[in-house]
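J.: Have a look at this one.
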Amino acid sequence: MNSKGYKSKIKLNDTVILSDQDGLQSITVQPGESVQSRNGVFLHSDMLGKEYGSKMWSNKGKTYRWALHPTPELWTLSLPHRTQILYTPNISLITSLLELIPGTSVCESGTGSGSLSHAIARTIAPTGHLYTYDFHAERVQQANDEFTAHGLSELVTCQCRDVCREGFNVENYVTAIFLDLPNPWEVIPHCPKSFSPGYSRIVSFSPCVEQIQKSCIALRESGFIDIQMHECLSQQLQVSSCRITEARLDESTDKREERHVLSVVPRLCMPSHTGYLLSASYIKCNVHDL
Amino acid sequence: MSLKNNGIISEGDTALAYSADQKRYHTFQVKICTSVRLWKHTVNTEGAIGHYYGSRFVIRGCSLELFDPNKLEVRLEQQLPSEDNDNRNLLDVASNQKYSTEDIQELKENELAGEQLITEIISGSNTFNEKSQFSKQKYLTRKRAKHLPVIFIYRPSLRHLSLMHYHLRPEKIGFLRIDTLSLLLSLANVRYGSRLLVVDNFGGLVIGAVLERMGGGGRLVELFTTEIIHPRPVLSSFSHLSSLHWECLSAFPLRRLARLREYPQTPQLSNSEQKTNNTAQQPISSLQQSADSLEESSIIEIDVNITQNKSETPLFEEQHDHTPPKEDRYCTARELLIEGEFEGIILASKHDPVPILEACLPFISSSSPLLVYCVFPELISNCNEYFHSSNNIILKNLTTSWLRAYQPAESKLHPEMMSSSCRTGYVLSGVRVKTYTVTPTQSIVTPEADAGEERSPDSKRAKLL
Ligand SMILES: C[S@@+](CC[C@H](N)C(=O)[O-])C[C@H]1O[C@@H](n2cnc3c(N)ncnc32)[C@H](O)[C@@H]1O
Chain A
1 MNSKGYKSKI KLNDTVILSD QDGLQSITVQ PGESVQSRNG VFLHSDMLGK
51 EYGSKMWSNK GKTYRWALHP TPELWTLSLP HRTQILYTPN ISLITSLLEL
101 IPGTSVCESG TGSGSLSHAI ARTIAPTGHL YTYDFHAERV QQANDEFTAH
151 GLSELVTCQC RDVCREGFNV ENYVTAIFLD LPNPWEVIPH CPKSFSPGYS
201 RIVSFSPCVE QIQKSCIALR ESGFIDIQMH ECLSQQLQVS SCRITEARLD
251 ESTDKREERH VLSVVPRLCM PSHTGYLLSA SYIKCNVHDL
Chain B
1 MSLKNNGIIS EGDTALAYSA DQKRYHTFQV KICTSVRLWK HTVNTEGAIG
51 HYYGSRFVIR GCSLELFDPN KLEVRLEQQL PSEDNDNRNL LDVASNQKYS
101 TEDIQELKEN ELAGEQLITE IISGSNTFNE KSQFSKQKYL TRKRAKHLPV
151 IFIYRPSLRH LSLMHYHLRP EKIGFLRIDT LSLLLSLANV RYGSRLLVVD
201 NFGGLVIGAV LERMGGGGRL VELFTTEIIH PRPVLSSFSH LSSLHWECLS
251 AFPLRRLARL REYPQTPQLS NSEQKTNNTA QQPISSLQQS ADSLEESSII
301 EIDVNITQNK SETPLFEEQH DHTPPKEDRY CTARELLIEG EFEGIILASK
351 HDPVPILEAC LPFISSSSPL LVYCVFPELI SNCNEYFHSS NNIILKNLTT
401 SWLRAYQPAE SKLHPEMMSS SCRTGYVLSG VRVKTYTVTP TQSIVTPEAD
451 AGEERSPDSK RAKLL
């Protein structure tokens, strides 16, 4: 997942994503460790030296897993949930709304389960930096362990801090701030001091309309401009082969034409709400200009 | 990896003007002395120079002035909702405004510029004080937008450019809305140092976006489906990218991919040597050969034209300065393709994606994301079938993205009345994994070549395959 790029073979201490029909699971390859499953055991040591994307067989050969190279997107689908997390459809739009590129420095709060943090770190590497904050000490600890395990410790600083009360401990430095916490309007007034001079972006994710309304007031009062609001959902589709029979149009024949057409149809159920994205820009005048 | 300038509007820059009222963008060049046309206004943009990108400016007459919200003289007193008016007493008559259009024009000519003009117009309105707070604000906003339009000046970025092109000509960019484009970039794990294949029939929007996210590090090989690479206005609108960014891009004709697989040439050989070597090795008919060189020369000719028109329609921007000798034009891409091991593909094409994907798969290493974008459900369902019938693609997912814009406000928050951005296409994603069977058609450059060495865990495995 780190910026050092793609590795082709599995090595000791690598994070590997195991995939089967039922889902994804992430492991850190350790000597003597194994993954238990209903139909057999997978020894970590068996994976060493294998190419990423290989099929791994359980010790009895009854079942298999694909061993995949980690990416932030696979991590999002396999990470241990400590909080609600953001998923890739929102994460990707957030990345564009924040205008992240390699080299951008970012503040984020709360860190939560680090789902978004991993995607941000990937995009801003190798010269950007992510400062991420959560007031929950244990989550900070766990997130830090994961960043280290994934080779991201040089890109990410994760700290325990109540950002509603204290803001971020970064000044005149970042050009993007992301908020996913219950009271974003309490953090917004602290944001301008963290921005570097010039143009910066903020995005706040909130599930409820009331949160957005309060944040809107806070954004205006703090001097943010170009305030926009979006909602993005991903609709899962499936392709089904439908049998179409012709209607009988006359009595002379009983034979009816039958054919199959491929059709793209939505799944019956889809997540129909995640949250609203409030975004805005901030222009900070250079201190020397004032 | 830094972009072209330090975030300050400078002479000669290509910038974007954005009108929030109209939700429209306009590209222009920042110049001293010459005026540009921004929608209905002819403006000298000199006033913007030296300010930060992202700032707001008021179009006052024919010049730009930094917009200062503290200088707005007309302010509405905050009222409690209970004290607020409603519209029960409002009558819709022309006499509500005592100034006619001509009068207002005259006021403008009398140098009654700026906020005074707005004050005057409001005092001319008989009904203003009877309006509800909300209507007053709306009235004020409307008058300001009309007489003192405020614009943003932005440096181009993926966000602005995708919004701009979607708004201008959505069909040109294959309805790749910002959410859909962003999803492709995330799922393809585009980052500094990526090594990607891209097929882009949508004006180069995907290519530009990928280059921005690579930040000047990585390899993007474009496989083009046309005879030659045409000038692409969408791609050239990524004018903020530096030469470092453009150097990541190389192109190769898709139609030659098959031949490349059959006769991979060693990269050490110079191009002319390769040619002779080639002829010695392979029995291609002389006819084919001459047709090919003919095609080659026509490419060169057209390319020369493009170079001459550079100032108007840059093709690969500064890349021209680094273009290798002409017969070597695909050399970089060819070498990269021979090395193979691409970390993913984004296939955004108006053609049937299946044959293209089949041709590209051998160049993609295992555990890499595959992304297919199609405008039409018929094409994507075919490709979906292909994904499901392949034994080397997993984590298949077919989605379409839904985006709704709202009017953000502390009260009266609601979705935008009109959505001009309903349409987008389909995203099919998957991850390529290792194949365990070597079919006769698979050639030496495929990563499957070493599949035979794979340890067979036990006899059960054969059954499962
Ligand atoms: C929904 S989670 C964020 C999930 C994260 N975006 C992800 O994708 O994994 C919200 C987090 O904000 C943290 N939080 C709430 N209020 C906070 C505050 N005032 N300061 C710092 N963190 C806070 C919570 O502890 C929680 O972990």
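Residue numbers (the UniProt record's numbering), protein chains in the order written: chain A, 1 to 290; chain B, 1 to 465. We treat Cβ as the ideally placed atom computed from N, Cα and C, and that holds for glycine.
1) Got a sec: does ligand 1 put a non-hydrogen atom nearer than 7 Å to the Cβ of residue 86(A)?
2) Residue 123(A) touches chain B at which residues, Cβ-Cβ below 7 Å?
3) Is it true that the CB of residue 121(A) sits closer than 8 Å to the CB of residue 152(A)?
4) Out of 242(A), 235(A) and 277(A), which has the shortest C-alpha to C-alpha gap to residue 269(A)?
5) Check the DSSP bridge columns for residue 55(A) and list the partner residues they point to.
6) Can you list the residues of chain B that residue 187(A) reaches, using a CB-CB cut of under 9 Å?
7) Using the beta-carbon of each residue, which ones in chain A are nearer than 8 Å to residue 53(B)?
8) What residues in the stretch 349-383 of chain B have a beta carbon less than 9 Å from any beta carbon of chain A?
9) From what residue to what residue does the beta strand (DSSP E) around residue 127(A) run?
10) Taking the alpha helix (DSSP H) that residue 155(B) belongs to, which residues open and close that run?
11) Beta carbon of residue 99(B), beta carbon of residue 124(B): below 8 Å?
12) Within 8 Å (strictly less), CB to CB, does residue 409(B) reach chain A?
13) Taking any Cβ of chain A, which residues in the stretch 171-183 of chain B have a Cβ under 8 Å from it, in chain order?
14) As a quick exercise: from 16(A), 14(A) and 64(A), pick the residue whose alpha carbon is nearest that of residue 22(A).
15) Evaluate contact between the stretch 376-388 of chain B and the stretch 402-416 of chain B, counting only Cβ atoms and requiring at least three cross-stretch pairs below 8 Å.
16) Given 7 Å as the limit, tell me if residue 135(A) has its C-beta closer than that to any heavy atom belonging to ligand 1.
17) Does the Cβ of residue 254(A) have 16 or more other Cβ atoms within 10 Å, making it buried, or fewer, making it exposed?
18) Considering only residues of the same chain and omitting the five flanking positions on each side of residue 395(B), which have a CB-CB separation below 7 Å?
19) Give, in chain order, every unbroken run of the beta strand (DSSP E) that is at least 3 residues long and sits entirely within the stretch 224-285 of chain A.
20) What number of angstroms, rounded off, separates the C-alpha of residue 264(A) from the C-alpha of residue 336(B)?
21) So that I know if they touch, is there some Cβ in chain B lying closer than 8 Å to that of residue 318(A)?
22) Whether or not the stretch 339-358 of chain B and the stretch 201-209 of chain B are in contact is what I'm after, with contact meaning three or more pairs of Cβ atoms, one per stretch, closer than 8 Å; do they touch?
23) Flag this pair as touching only if the stretch 369-380 of chain B and the stretch 25-41 of chain A have three or more C-beta atom pairs under 8 Å; answer yes or no.
24) I'd like the list of long-range same chain contacts for residue 73(A), defined as Cβ closer than 6 Å, with 5 residues on each side in sequence excluded.
25) Name the chain B residues that come within less than 8 Å of residue 87(A), Cβ to Cβ?
26) Does the beta carbon of residue 143(A) come closer than 8 Å to any beta carbon on chain B?
27) Can you tell me the Cα-Cα spacing of residue 361(B) and residue 339(B), whole angstroms?
28) What does the Cβ neighbour count give for residue 18(A), buried or exposed, with the cut at 16 atoms within 10 Å?
29) Starting from residue 76(A), trace the alpha helix (DSSP H) in both directions and tell me its first and last residue.
30) What three-state label does DSSP hand residue 65(B) in the structure shown?
31) Relative to the C-alpha of residue 467(B), which candidate in 199(A), 260(A), 209(A) and 185(A) has its C-alpha closest?
32) For chain A, find out if any of its Cβ atoms is closer than 8 Å to the Cβ of residue 185(B); answer yes or no.
33) Out of curiosity, what's the CA-to-CA distance linking residue 93(A) and residue 115(A)?
34) Report yes or no: is there a C-beta of chain A within less than 8 Å of the C-beta of residue 19(B)?
35) Can you find a CB in chain B that lies within less than 8 Å of the CB of residue 176(A)?
T.: Quick look at the numbers:
1) yes
2) 191 and 213
3) yes
4) 235(A)
5) 66(A)
6) Here the premise fails: no neighbours, minimum Cβ distance about 17 Å.
7) 198 and 199
8) 365, 366, 367, 368, 369, 377, 378, 380, 381 and 382
9) Looking at the DSSP string, residue 127(A) is not in any beta strand (DSSP E), and its letter there is neither H nor E.
10) Unbroken run through residue 155(B): none, as it is neither H nor E.
11) yes
12) yes
13) 178, 179, 181, 182 and 183
14) 64(A)
15) no
16) yes
17) exposed
18) 430 and 431
19) 225-245, 258-266 and 276-284
20) 36 Å
21) Only positions 1 to 290 of chain A appear in the structure, and residue 318(A) is not among them; the question remains open.
22) yes
23) no
24) 88
25) Ordered by position in chain B, no residue passes the 8 Å Cβ test against residue 87(A), which lies about 10 Å from the chain.
26) no
27) 14 Å
28) buried
29) 72-78
30) strand
31) Since the first residue of chain B shown is 1 and the last is 465, residue 467(B) is not available in this structure.
32) yes
33) 14 Å
34) no
35) no
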